[in-house]
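The block underneath contains the structure these notes are about, expressed in structure tokens.
Protein chains in written order, with my numbering: chain A, 1 to 220; chain B, 221 to 1021.
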């Protein structure tokens, strides 16, 4: 599904070049559940953003679902991740001005899905996540765990093949974190490929494979 | 999708009340100003366009070249002959109509009232498109004793508009002559240069119509209708050619009478398009024409409206961009969940559209509310019902779309360009130099400061105009218009009035203003204003003499031989010893008058006009037309009653009305008073909208710098110190604005003041006052928020970070 070959990413500060990612080679197969670990500043989030096509890289090849990402134009790339990728963030990143229902609905709007269809899909996922009662609340009226549930629901609403999660439990207490992790396992069983970035050994263990990053390099 | 956008937009507006209020209030005011000015400008350019033949109607005007100065004097007046003779001899001219303003004394019940009206040719209704309510277009002005009136005039006269065949009594010398109403016409549109209540057929005797000397006697407006697509220049040259041949004999006979000066009476004939009259600055609209305005007013008003709207849009741009830190997260999320840039641009444009829409609706309400004041200020009768004009609606929609784009486009482009990785990971940096925001603030305050200084200049000049010594005393002076048949009649009235204890003194004078030419020595001539007075005129108005003596009853020959002149006259004549000099009038069969005294210059006209040469005589042949009555202070009501009683006793068939002279003098500056107020409104609005924008920015800046302020306070900064830090940046911008605005305002004020022969000199204190005002207002605006931020508890602000 994903193939990264010799990915480099750097920033130039004065005469110095600081490498954020250094010679990353990584293959991810459909149905995997991968945890990326490493200390602060090791490039975990950067790698995740590169995979999610939010961030660009300076060198290397990236093949996603048989498409050479590095050769695609901005628009085609956007179309690709719109269709296949869902994001979950540590800080939830819900739109404060929209209700739970509307937050979850937003990706569908951008995919030009008809209103009646959208209704059915959102109702379905609200039901699946047990948050039907919260659908008219605004994000600030929810607890952190609930907000993250909404965030995951939003990431999954368009049936992505790949779920990218950047420290999804980072702002949650351990019980809430556990629930989210169990949800991930369930999703993975249903066929969603998951890549998560985490600090916690315990959460990393939920994954089927762990990748350790240090100073932008994959440790072997 | 749009539903989603609007939902977000609405919730954003509701959540950020200060921000929404600033933007909506500012834009509504700006749009309202623009709408009012569009109404005004539309009215200006639509002036007279309802005349169906307007494109082919021209006014005959003349240019006279002043030999001494080489200056061209343009005159809109013509005489009896130009119309008919040009039409007979120039094939392109299809028709003509002459219009002369006048007034008649009309009986209304037991009262006699003075009615202003126009004398016109019977072709009037064939040329001008004033629809008749009743009567016949072809013959309503044929009979000499017919009268045509508007619906309003008919209602005042008869209480109904069904008045064909009814009789109006008009005074002719001492008897009332019946005039028959032959037609009723709709009231003149307010955007018509020709306005009237009544029309009478023009009174031209057979002798007048055939006397070729009448070419040189100009007192009415002549309009001609040309064939469509006529070549104006060729018509003008034909007119000139015909004029030269037709006046040959008249010139020879006039030269015998007056000498070579007759050469200077020759004119050059031109045609002024009818539609160009309203905004003409060279040829006055007079003699039945009114409402002319200077196109400069349209420019100034449009300028102010544009300023206000621009400043409101700048508020929108600045506040939206400054608030973008808060919106950045939403933008990032939207991009991550699949929005592309175009969709985001549309979303933000949608938000500015919504905001503008609310402002637009409010603006319409504001226009409706402020129309009465605006009409008063701009001397118009505009109504919002004008709105139902398609062009105007189109104009407003254009204005709306333009405002939406002006305000919304830049923020939409900037905001939609944010990279999600940066905005979502708090790596977002909006601390940059913000040159755009800063220059926009500078622009706002430059405009505001400019208008404030301009307003101060106008105020000062206005004060000068209304308080400057006129050279005479106009307090407690009542003037009454009355055409006296003889000087004795006037003196009879004077003596009658003086019997009254409340009346101090009385002086008759000619009515209206006269001017003429006289010969000095052998070949030099002088143009001057020409007053017919008696020995009481100078004392009543307390006009001092510089030299010589006043007219006096001790010198009975004064009325036949003596004159007084003013100082300017002496200067123009170049006399070293004015007393005893002689003046030779052209129109008086070369009778010679001797100067017996020099009157100190006084402003006999408004201060808008330079004092010209003036000459005073007591010649019995010149009729008195008004009296100046000095009453005792604080006896106005009693004295006025006494004056009216005496008047009615002596002249029961004459209309009576009085004017206080100081009020009349004040009225001379009505235009200035109005512009003073318009500028004041403009300045207030610009500074107000600029300040609410600045306030919004200071709120956002303080929010953005909460953490910095917290740290500074923890490190020991005082409240004063923090306030200074927060206010300094904004005040710096205001200073830059002043540096730009002051020279610009200086130039513009100077230019404006050049219109006035008597004017204030621009002093630095005026600019200092303007600058101080701007700084003070800005300081109050900014420090309000700065103090609030500075006294906040740092522990709180740091914790929330």
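The C-beta atom is built at its ideal place from N, Cα and C for all residues, glycine as well.
All figures in this text were calculated on a predicted structure; none of them were measured in a lab.
For a cut-off of 8 Å, the C-beta gap from residue 90(A) to residue 160(A) is around 19 Å, too long to register as a contact. Residue 624(B) and residue 569(B) have their C-alpha atoms spaced approximately 7 Å apart.
For residue 609(B), no Cβ of chain A is located within less than 7 Å of the residue's own Cβ. For residue 790(B), the three-state secondary structure derived from DSSP is helix.
Using a CB distance cut-off of 7 Å, residue 644(B) counts as an interface residue toward chain A. Counting the other Cβ atoms within 10 Å of the Cβ of residue 390(B) gives 16 or more, which makes it buried. The continuous beta strand (DSSP E) containing residue 399(B) extends over residues 395-405.
In this structure, residue 370(B) sits near residue 407(B), with a CB-CB distance shorter than 7 Å. Residue-level contact by beta carbon fails for residue 258(B) and chain A, as no gap is shorter than 7 Å.
Within chain A, the C-beta atoms nearer than 7 Å to that of residue 231(B) come from 97, in chain order.
Under a criterion of Cβ atoms nearer than 7 Å, no residue of chain B is adjacent to residue 129(A); the nearest Cβ is some 17 Å distant. At a cut-off of 7 Å between C-beta atoms, residue 228(B) counts as an interface residue with respect to chain A. In this structure, the beta-carbon distance from residue 699(B) to residue 824(B) does not fall below 7 Å.
Within the same chain, 280, 438, 442 come within 6 Å of residue 298(B) by CB-CB distance, once the 5 residues on both sides are set aside.
Look at residue 886(B) here: in three-state DSSP terms it is helix. Within the DSSP secondary-structure output, residue 744(B) pairs in a beta bridge with 740(B).
Beta-carbon to beta-carbon, residue 800(B) and residue 814(B) are separated by about 6 Å, close enough to satisfy the 8 Å threshold. Going by DSSP, residue 814(B) is part of no alpha helix (DSSP H) but of the beta strand (DSSP E) stretching over 812-819.
Note that the C-beta distance between residue 505(B) and residue 496(B) is not below 7 Å. Here residue 186(A) is exposed: its Cβ has fewer than 16 other Cβ atoms, across all protein chains shown, within 10 Å. At least one CB atom of chain B sits nearer than 7 Å to the CB of residue 106(A). For residue 295(B), the beta-bridge partners assigned by DSSP are 282(B).
Interface criterion not met: the Cβ of residue 1013(B) is under 7 Å from no Cβ in chain A. Counting only Cβ-Cβ distances below 7 Å, residue 154(A) has contacts in chain B at 557, in chain order.
Taken in chain order, the unbroken stretches of alpha helix (DSSP H) that lie wholly in the region 911-984 of chain B and span 4 residues or more are 926-934, 939-973. Inclusion of residue 353(B) and residue 665(B) in the CB contact set at 7 Å is not warranted, their separation being larger than that value. Rounded to whole angstroms, residue 827(B) and residue 692(B) show a C-alpha spacing of 13 Å.
In this structure, the straight-line span from the alpha carbon of residue 18(A) to that of residue 626(B) is close to 42 Å. Rounded to whole angstroms, the gap between the alpha carbons of residue 31(A) and residue 65(A) is 13 Å. Taking a Cβ-Cβ threshold of 7 Å, the residues of chain B close to residue 49(A) are 641, in chain order. The alpha helix (DSSP H) runs lying completely inside the region 45-90 of chain A and spanning 4 residues or more are 74-84, given in chain order.
Not a single C-beta of chain B is nearer than 7 Å to the C-beta of residue 70(A). Legend: CB atoms of the region 878-902 of chain B lying less than 8 Å from CB atoms of chain A are not found in any residue. Secondary structure at residue 435(B): helix, using DSSP grouped into helix, strand and coil. For a Cβ distance threshold of 8 Å, residue set 97 of chain A lies close to residue 235(B), ordered along the chain. A straight-line Cα-Cα distance of about 11 Å links residue 918(B) and residue 948(B).
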